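See structure below.
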Amino acid sequence: MSRHPERLGRAFFATDAGALAQQLLGCVLVRTGEGGERLAGRIVETEAYLGPEDAAAHSKGWRRTPRTEPMFCEPGTSYVFLTYGMHHCFNIVCERAGYPAAVLIRALEPTEGVAAMHARRLAGTKRPGRVLRDRDLCSGPAKLCQAMGIDRALNAIDLCVRGDLWVEAGEAPLSVTNTTRIGVDYAGAWASAPLRWYVTASPHVSVRDRARESAGGV
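The sequence shown lines up with residues 754 to 971 when you count with this note's numbering.
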């Protein structure tokens, strides 16, 4: 019998992006390789993209293109896109089929397969002998995709049934900070919307908001 929790099903993801972004904190993202190697990390930072009305969302104004098509799929579908033409970002589609909303996974706390994550992060770099701290392995959306081996080959897959990428239940964090999203200055008033959540005490978060933490988190 497996010692790991069962993967989360469709019903878990069938909620609005803001709610899912908070519910995912503490859950575990799992990736398995061809040899059955298990890489896993506790989700410690998320951002919600609410759909057509959200000027920061790829699907704003009901934009439907080959790139955004996964956002219109069933909740629990992966949406992996490239930013700057080189960095992958991993999202989980939510709400309901036909309504393009998603949650960006921004940071993980590595829990399994840490050595393999180190190797993936250092592969192909100009400094192969560089020493990375565990806290820096998955402290950002592009970093976690590199560490976990998530790329466009895993775009538009069903996380509720797929055998090599899924989400497991975890322990809810004791304290959460709610603040603004990163890198959405182009989105007008939506740039200041408090749609990012992170585990307050986690050293694995990409960017901390000390002012919000001092104000009491959520």
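Beta carbons are placed, not taken as given, at the ideal position from N, Cα and C, and that holds for glycine. As the structure is a prediction and not an experimental result, all values here were calculated from the model.
Item	Value
Close-in-space but distant-in-sequence residues of the same chain around proline 828 (CB under 7 Å, 5 per side omitted)	Arg763, Phe766, Ala767, Val846, Cys847, Glu848 and Arg849
Local Cβ density within 10 Å of histidine 757, reported as buried at 16 or more and exposed below that	exposed
Neighbour-count burial assignment, threonine 878, 16 or more Cβ in a 10 Å radius	exposed
Contact between the segment 825-843 and the segment 903-912 (3+ Cβ pairs under 8 Å)	yes
Limits of the unbroken alpha helix (DSSP H) element including cysteine 712	Because the chain here runs from 754 to 971, residue 712 falls outside it and cannot be looked at.
Below-7 Å beta-carbon distance, leucine 782 vs any chain D residue	Of the chains in the structure shown, none is chain D; there is only one protein chain.
7 Å Cβ cutoff met for arginine 784 and methionine 901	yes
Pairwise C-alpha distance: serine 967 and tryptophan 922	The displayed chain sequence assigns alanine, not tryptophan, to residue 922. Their backbone Cα atoms lie some 29 Å apart in a straight line.
Environment of valine 929 [buried if 16+ CB atoms lie within 10 Å]	buried
Alpha-carbon to alpha-carbon, leucine 782 and valine 920	5 Å
Alpha helix (DSSP H) runs wholly inside the segment 891-966, at least 4 long, in chain order	894-901
Buried versus exposed, by CB contacts within 10 Å (16 or more), proline 956	exposed
Leucine 973 versus Ile796, Ser945 and Arg859, residue with shortest Cα-Cα distance	As shown, the chain starts at 754 and ends at 971. That puts residue 973 outside it, with no answer to give.
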